[in-house]
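Below is one structure, written out as structure tokens; comments come after it.
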Amino acid sequence: MPSCGLFLDVGVNSRGYHGNSWLAPDADWDRFISFEHYLEVAELAHSGGFAAVFLSDHPALRRAADNRPLHSLDPIVLFTALAARVPDIGFVITASSSYNSPYNLARRLAGLDHISGGRVIWNVVSSFSPDIAADFGAAPLRHCGATNNSTATRTRTRCCARSPTGTVCRSIPIPC
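The sequence shown begins at 2 in the numbering used here and counts up one residue at a time.
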């Protein structure tokens, strides 16, 4: 049986992964919206041999002032800027199939994919947060249903249709 290599990524959510890290007395709030911070993390990941940088997304304002900041910068915009500066590292981007129109999401992902030279992986999620729904002027989802799967399918199809090389939707074989 062939053995596969291990591919590691670095998660770079704005406030880190400890829920109260943003409350530390020495926490640097500017870091959450600093391109230089994310560039440094991506460069460290690249030099450390990591395969990709991962950024989840929560496209909603937090309703309570005491809630930790989640995601400050749009991941597609951030990764497009990083792709121009950091070679040979992948970008795993979360984008909701619930509150993105298929064509516009396909267009944005295809743009990032072309600029990065094919280094994009789409982490498809269904957004269930009432905060996200409210920011899109929609009712919260009750469950992850056919509509969300349909949006993801239409987005994937349009990525292929809009990309002459089909780079956004190609299968990426894992070398074994």
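Note that beta-carbon positions come from the ideal geometry of N, C-alpha and C, so glycine has one too. Values in this document were obtained by computation on a predicted structure and should not be read as measured data.
Inter-residue spacing [alpha-carbon to alpha-carbon] between residue i and residue j
i	j	result
A139	S57	21 Å
V126	A96	6 Å
A134	E37	31 Å
S22	P131	24 Å
L24	D31	14 Å
A28	P141	33 Å
L106	G112	10 Å
G6	P26	40 Å
Anticipated Cβ contact below 8 Å, residue i with residue j, distance rounded
i	j	result
V93	F51	Not confirmed; about 11 Å, so no contact.
Y39	V13	6 Å
A84	R143	Not quite, the Cβ-Cβ distance comes to about 37 Å (not below 8 Å), so this is no contact.
Within 8 Å, strictly: CB atoms of residue i and residue j
i	j	result
I34	S73	yes
V54	A46	yes
Y100	S128	yes
V87	E44	yes
Option in the options with minimal Cα separation from residue i
i	options	result
I116	A96, D89, P26, D31	D89
D114	P76, A135, S22	P76
N124	D31, L110, V42	L110
F8	G49, D27, H59	G49
D136	A107, S22, H59	H59
I122	G91, P141, R143, S130	G91
G118	T81, G6, A28	T81
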